[in-house]
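Residue numbers (the numbering used here): -10 to 195.
Every residue gets a Cβ at the ideal spot worked out from N, C-alpha and C, and that includes glycine.
Model, not experiment: these values are computed from the prediction.
These notes concern the structure reproduced below.
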(Lines of atoms letter the chains of each structure in order from A and count residues from 1; the text may use other names and numbers.)
(Lines give C-alpha, C1' and ligand atoms only; values in the text may rest on other atoms or scores of the structure.)
Protein backbone atom coordinates (compact mmCIF):
# COMPACT_ATOMS: atom_id res chain seq x y z
CA UNK A 1 0.00 0.00 0.00
CA UNK A 2 1.30 3.47 -0.88
CA UNK A 3 2.20 5.64 2.09
CA UNK A 4 -0.45 8.42 2.22
CA UNK A 5 2.22 10.87 3.43
CA UNK A 6 4.03 10.66 0.09
CA UNK A 7 3.57 13.44 -2.43
CA UNK A 8 1.36 12.70 -5.44
CA UNK A 9 2.76 11.81 -8.84
CA UNK A 10 3.89 13.08 -11.25
CA UNK A 11 6.39 15.28 -9.35
CA UNK A 12 5.17 18.85 -8.86
CA UNK A 13 7.36 21.99 -9.01
CA UNK A 14 9.28 22.40 -5.76
CA UNK A 15 12.26 24.39 -4.45
CA UNK A 16 15.06 22.24 -3.00
CA UNK A 17 17.62 24.18 -0.96
CA UNK A 18 20.88 23.08 0.60
CA UNK A 19 24.05 24.62 2.03
CA UNK A 20 25.50 25.81 -1.29
CA UNK A 21 22.71 25.64 -3.88
CA UNK A 22 19.02 26.12 -4.45
CA UNK A 23 17.23 24.13 -7.13
CA UNK A 24 14.40 26.25 -8.52
CA UNK A 25 11.66 25.22 -10.96
CA UNK A 26 12.73 26.35 -14.43
CA UNK A 27 10.95 29.32 -15.99
CA UNK A 28 11.29 31.34 -19.20
CA UNK A 29 12.96 34.21 -17.35
CA UNK A 30 15.93 31.97 -16.51
CA UNK A 31 17.13 32.02 -20.13
CA UNK A 32 19.77 34.73 -19.64
CA UNK A 33 21.26 33.08 -16.57
CA UNK A 34 21.42 29.72 -18.29
CA UNK A 35 23.20 31.21 -21.30
CA UNK A 36 25.83 32.71 -18.96
CA UNK A 37 26.24 29.36 -17.20
CA UNK A 38 26.74 27.55 -20.51
CA UNK A 39 29.29 30.12 -21.70
CA UNK A 40 31.55 29.30 -18.73
CA UNK A 41 33.33 26.34 -20.29
CA UNK A 42 31.58 26.55 -23.69
CA UNK A 43 29.46 23.60 -22.63
CA UNK A 44 27.40 23.67 -25.84
CA UNK A 45 30.53 22.79 -27.84
CA UNK A 46 31.12 19.43 -26.14
CA UNK A 47 30.09 16.91 -28.79
CA UNK A 48 29.12 14.13 -26.34
CA UNK A 49 26.62 16.27 -24.41
CA UNK A 50 23.27 17.82 -25.34
CA UNK A 51 23.44 21.39 -24.06
CA UNK A 52 21.45 24.24 -25.65
CA UNK A 53 23.13 27.05 -27.57
CA UNK A 54 22.31 30.71 -26.93
CA UNK A 55 20.17 30.67 -30.09
CA UNK A 56 18.18 27.62 -28.98
CA UNK A 57 17.78 28.36 -25.26
CA UNK A 58 14.22 29.75 -25.46
CA UNK A 59 12.97 26.75 -27.45
CA UNK A 60 14.85 24.39 -25.11
CA UNK A 61 13.14 25.90 -22.06
CA UNK A 62 9.75 25.81 -23.79
CA UNK A 63 10.20 22.12 -24.58
CA UNK A 64 11.19 21.38 -20.97
CA UNK A 65 8.12 23.20 -19.65
CA UNK A 66 5.87 21.37 -22.11
CA UNK A 67 7.28 18.05 -20.84
CA UNK A 68 6.60 19.23 -17.29
CA UNK A 69 3.00 20.11 -18.16
CA UNK A 70 2.56 16.62 -19.62
CA UNK A 71 3.84 15.03 -16.39
CA UNK A 72 7.00 13.60 -17.91
CA UNK A 73 9.66 15.89 -16.43
CA UNK A 74 10.43 18.46 -13.76
CA UNK A 75 13.25 20.82 -14.84
CA UNK A 76 15.29 22.94 -12.42
CA UNK A 77 17.86 25.68 -12.62
CA UNK A 78 20.78 25.47 -10.19
CA UNK A 79 21.42 28.71 -8.29
CA UNK A 80 24.59 29.19 -6.24
CA UNK A 81 23.59 30.68 -2.90
CA UNK A 82 26.69 32.74 -2.13
CA UNK A 83 26.17 35.07 -5.11
CA UNK A 84 22.75 34.19 -6.52
CA UNK A 85 24.13 33.18 -9.92
CA UNK A 86 22.57 30.45 -12.04
CA UNK A 87 25.36 27.93 -12.59
CA UNK A 88 23.57 25.06 -14.28
CA UNK A 89 20.46 22.99 -14.82
CA UNK A 90 19.15 19.51 -14.02
CA UNK A 91 15.83 17.74 -14.02
CA UNK A 92 13.68 14.75 -13.18
CA UNK A 93 12.78 13.08 -16.49
CA UNK A 94 11.39 9.85 -17.94
CA UNK A 95 8.91 9.89 -15.07
CA UNK A 96 7.05 6.58 -14.63
CA UNK A 97 4.25 7.16 -12.07
CA UNK A 98 2.96 3.56 -11.97
CA UNK A 99 6.45 2.11 -11.45
CA UNK A 100 7.55 5.05 -9.27
CA UNK A 101 10.78 5.42 -11.22
CA UNK A 102 12.42 8.45 -12.74
CA UNK A 103 15.73 9.59 -14.16
CA UNK A 104 17.91 12.48 -13.02
CA UNK A 105 19.46 13.93 -16.15
CA UNK A 106 19.92 16.72 -18.70
CA UNK A 107 22.42 18.07 -16.19
CA UNK A 108 25.14 20.63 -16.85
CA UNK A 109 27.20 22.95 -14.65
CA UNK A 110 29.44 25.91 -15.41
CA UNK A 111 33.12 25.00 -15.60
CA UNK A 112 33.83 27.19 -12.57
CA UNK A 113 31.77 25.00 -10.20
CA UNK A 114 32.78 21.59 -11.50
CA UNK A 115 34.89 19.44 -9.15
CA UNK A 116 33.29 21.22 -6.18
CA UNK A 117 30.65 20.16 -3.66
CA UNK A 118 27.91 21.51 -5.93
CA UNK A 119 27.10 18.37 -7.91
CA UNK A 120 27.17 16.18 -4.81
CA UNK A 121 24.74 18.49 -3.02
CA UNK A 122 22.43 18.77 -6.04
CA UNK A 123 22.25 15.00 -6.35
CA UNK A 124 21.68 14.58 -2.61
CA UNK A 125 18.77 17.05 -2.70
CA UNK A 126 17.21 15.42 -5.76
CA UNK A 127 17.64 11.88 -4.47
CA UNK A 128 16.33 12.75 -1.02
CA UNK A 129 13.18 14.28 -2.51
CA UNK A 130 12.77 11.33 -4.89
CA UNK A 131 13.09 8.60 -2.27
CA UNK A 132 11.74 10.30 0.85
CA UNK A 133 8.98 12.57 -0.51
CA UNK A 134 7.97 10.80 -3.74
CA UNK A 135 8.61 7.22 -2.64
CA UNK A 136 10.67 6.25 -5.67
CA UNK A 137 11.61 2.61 -6.05
CA UNK A 138 14.55 3.44 -8.30
CA UNK A 139 16.30 6.51 -9.72
CA UNK A 140 18.28 6.24 -12.95
CA UNK A 141 21.21 8.15 -14.41
CA UNK A 142 22.19 7.92 -18.07
CA UNK A 143 25.16 9.28 -19.98
CA UNK A 144 27.13 8.96 -23.20
CA UNK A 145 29.62 6.10 -23.40
CA UNK A 146 32.36 8.63 -24.26
CA UNK A 147 31.50 11.03 -21.42
CA UNK A 148 34.03 9.48 -19.08
CA UNK A 149 33.89 12.35 -16.58
CA UNK A 150 30.12 11.95 -16.23
CA UNK A 151 30.38 8.16 -15.86
CA UNK A 152 32.96 8.54 -13.09
CA UNK A 153 30.89 11.20 -11.33
CA UNK A 154 27.76 9.01 -11.38
CA UNK A 155 29.70 6.05 -9.97
CA UNK A 156 31.10 8.27 -7.19
CA UNK A 157 27.52 8.99 -6.10
CA UNK A 158 27.10 5.33 -5.25
CA UNK A 159 25.02 4.38 -8.32
CA UNK A 160 25.56 0.96 -9.89
CA UNK A 161 25.92 0.41 -13.63
CA UNK A 162 22.98 -1.55 -15.05
CA UNK A 163 24.18 -1.84 -18.62
CA UNK A 164 24.73 -0.14 -21.98
CA UNK A 165 22.00 0.65 -24.52
CA UNK A 166 23.68 0.40 -27.93
CA UNK A 167 22.69 2.90 -30.67
CA UNK A 168 20.22 4.29 -28.15
CA UNK A 169 19.90 7.92 -29.21
CA UNK A 170 20.64 10.07 -32.25
CA UNK A 171 22.43 13.29 -31.28
CA UNK A 172 21.93 16.69 -32.96
CA UNK A 173 25.07 16.17 -35.07
CA UNK A 174 23.63 12.92 -36.44
CA UNK A 175 25.89 10.55 -34.48
CA UNK A 176 24.44 7.64 -32.52
CA UNK A 177 24.92 7.48 -28.77
CA UNK A 178 25.61 4.34 -26.77
CA UNK A 179 23.96 5.14 -23.44
CA UNK A 180 25.38 3.89 -20.13
CA UNK A 181 22.63 3.31 -17.56
CA UNK A 182 23.16 3.53 -13.79
CA UNK A 183 20.65 3.37 -10.95
CA UNK A 184 20.14 3.64 -7.21
CA UNK A 185 17.27 1.65 -5.66
CA UNK A 186 15.28 2.50 -2.56
CA UNK A 187 16.98 -0.04 -0.29
CA UNK A 188 20.37 1.51 -1.13
CA UNK A 189 19.32 5.08 -0.39
CA UNK A 190 20.20 5.21 3.36
CA UNK A 191 23.81 4.20 2.69
CA UNK A 192 24.06 6.45 -0.40
CA UNK A 193 22.67 9.39 1.61
CA UNK A 194 25.32 8.94 4.28
CA UNK A 195 28.01 8.58 1.60
CA UNK A 196 26.94 11.80 -0.16
CA UNK A 197 26.97 13.77 3.10
CA UNK A 198 30.47 12.44 3.81
CA UNK A 199 31.70 13.41 0.31
CA UNK A 200 30.10 16.85 0.34
CA UNK A 201 31.83 17.81 3.59
CA UNK A 202 35.23 17.04 2.05
CA UNK A 203 34.84 18.87 -1.26
CA UNK A 204 35.55 22.58 -1.84
CA UNK A 205 32.62 24.99 -1.77
CA UNK A 206 31.41 26.10 -5.22
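- In the DSSP assignment, no residue is bridged to residue 40.
- Annotation note: the stretch 61 to 105 contains the following uninterrupted beta strand (DSSP E) runs of length 3 or greater, listed N- to C-terminal: 63 to 69, 75 to 85, 90 to 98.
- Taking C-beta atoms as the reference points, residue 142 and residue 9 fail to come closer than 7 Å.
- Non-local C-beta neighbours of residue 168 in its own chain, meaning closer than 8 Å and more than five positions away in sequence, comprise 131, 132, 133, 134, 153, 154, 157, 158, ordered along the chain.
- The way I'd put it, the stretch 118 to 127 does touch the stretch 72 to 92; three or more beta-carbon pairs between them come closer than 8 Å.
- Per DSSP, residue 23 is one residue of the alpha helix (DSSP H) stretching across 20 to 28.
- When C-beta atoms of the stretch 72 to 80 are compared with those of the stretch 96 to 106, three or more pairs fall below 8 Å, so the two segments count as touching.
- Counting of Cβ neighbours within 10 angstroms places residue 147 among the buried residues, the total reaching 16 or more.
- Per DSSP, the continuous beta strand (DSSP E) segment holding residue 170 begins and ends at 165 to 174.
- The beta carbons of residue 70 and residue 11 sit closer together than 7 Å.
- The beta carbon of residue 110 sits closer than 6 Å to the beta carbons of 7, 9, 10, 189 from its chain, once the five residues preceding and following it are set aside; these are given in chain order.
- Annotation: residue 32 to residue 46 spans about 13 Å, alpha carbon to alpha carbon.
- Counting along the chain, the unbroken beta strand (DSSP E) around residue 14 starts and ends at 10 to 14.
- For residue 159, DSSP records a beta bridge to 165.
- Residue 151 carries a strand assignment under DSSP once its states are collapsed to helix, strand and coil.
- At a Cβ-Cβ threshold of 7 Å, residue 13 and residue 4 count as neighbours.
- For residue 141, the uninterrupted alpha helix (DSSP H) run begins and ends at 137 to 146, by DSSP.
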